[in-house]
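Numbering-wise, the sequence shown is residues 180 to 448 according to this note's numbering. Here a beta-carbon is modelled for each residue, glycine too, at the ideal position from N, C-alpha and C. All values reported here derive from a predicted model rather than from experimental measurement. Have a look at the structure below before the remarks.
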Amino acid sequence: MITLVLIFVMGLCVGLLGSMLGIGGGVLIIPLLTLLFGVDIKTAIGASIISVIATSSAAGAVYVGHGMTHTRLGMVLEIATTLGAVAGGITAVLLPARYLYGIFGLVLLYVVYSLRGLAGSEGGSQPTGLLDTSFIDPLTGGQVNYGVRRLKAGLAASFVAGNISGLLGIGGGIIKVPIMTLVMGMPFKAAIATSNFMIGVTAATSAVIYYGRGYILPDVAVPTALGVLAGAQIGPRLGGRARSGTLRLIFQVLLFAFAVQMLWKAIAR
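Written out as structure tokens, the structure is:
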């Protein structure tokens with residue numbers, strides 16, 4: 180019983196932070212479940228997938244209500260992401276756990292490195308005529324107008340994000356947010372909001388595969404998902420008022436710490 184409560188509290192904290200950063204929380208849930216609670220990595224991935232769906236449902240609705248989500252772009256990119264998630268989910272159930280630990284650690288290091296280039300991305304690119312839109316920044320109260328660049332590159336990257344999501348159960352947000360910001364020219368907060376809108380659909384695709392293989396265990400998945408769902412109700416309200424630089428710094432520190440731990444587990448097994 181104590182373990183269930185602790186898993187719930189962990190989910191609450193992860194849901195809060197994950198929804199603020201648009202990553203779904205899976206990138207934090209999997210290392211925490213495996214390192215702190217001794218859960219098998221494939222079972223942790225199954226719990227993460229259910230939690231990602233919960234985060235997307237709760238946080239996505241808040242961001243859409245605030246007008247920060249680029250829903251048209253999200254629906255276009257989700258076509259490629261879903262196809263990638265199917266391929267990744269099938270691959271994941273066939274790979275040994277050691278390789279999953281290693282892949283996970285390397286992906287985290289990539290994201291930490293890529294986020295260095297996000298400074299100054301607050302305003303996004305100038306309107307281009309392609310999927311132009313705007314939103315009101317809750318921090319400043321000003322209107323942010325921006326356009327979308329390199330849609331084809333974004334679609335290709337979304338397939339990769341979906342593949343990683345299905346492979347590791349992390350929602351794909353850790354790839355989508357940097358890609359939408361660095362490659363497609365979106366403001367950081369708009370990328371976070373759009374990622375939250377998309378990750379639930381991506382996770383639901385791979386959830387079918389993990390459920391069929393018996394990797395979604397209620398004793399782990401339910402308290403995790405309930406905690407994440409509660410935290411995801413609060414995260415978007417705090418994240419919209421936080422500075423993007425602060426969010427990036429928190430994101431980088433956490434991911435680097437977990438990357439080192441996951442790579443160590445891959446080597447030590």
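With 16 other Cβ atoms within 10 Å as the buried cut-off, status of residue i
i	result
I130	No statement about residue 130 is possible, as the shown extent of the chain runs from 180 to 448 and does not include it.
K331	exposed
D316	buried
R251	exposed
Y278	exposed
I258	exposed
L428	exposed
Y450	Within the shown structure, residues of the chain are numbered from 180 to 448, placing residue 450 beyond reach of any answer.
L287	buried
Length of the line joining the Cα atoms of residue i and residue j
i	j	result
S385	T319	38 Å
G379	T425	25 Å
I224	M247	29 Å
M180	L405	15 Å
A436	K444	13 Å
I354	H245	23 Å
A226	A383	12 Å
F430	I388	29 Å
A276	G321	47 Å
Q412	L256	25 Å
K221	Y390	11 Å
T234	S313	24 Å
A409	D398	18 Å
L195	M189	10 Å
Residue i (DSSP reduced to helix, strand or coil)
i	result
F314	strand
Y292	helix
T213	helix
V323	strand
L396	coil
G364	coil
R165	Any answer about residue 165 is impossible in this case: the structure gives the chain only from 180 up to 448.
V401	helix
G225	helix
G284	helix
M180	coil
M359	helix
M247	coil
V188	helix
R328	coil
V272	coil
V255	helix
A298	The predicted position of A298 is uncertain, since its pLDDT is 47 and thus under 50; no value can be drawn from it.
V241	helix
V193	helix
V231	helix
Min CB distance residue i to chain C below 8 Å
i	result
G393	In the displayed structure, chain C is absent; only one protein chain is listed.
Residue i Cβ short of 7 Å to the ligand MG heavy atom set
i	result
Y390	Questions concerning the ligand MG fall outside what the structure shown contains, since it holds no ligand whatsoever.
Is it true that the stretch 431–445 meets the stretch 207–222, where meeting means three or more beta-carbon pairs spaced less than 8 Å apart?
Verdict: yes, contact present.
Does the pairing of the stretch 336–350 with the stretch 260–274 give three or more beta-carbon distances under 8 Å?
yes
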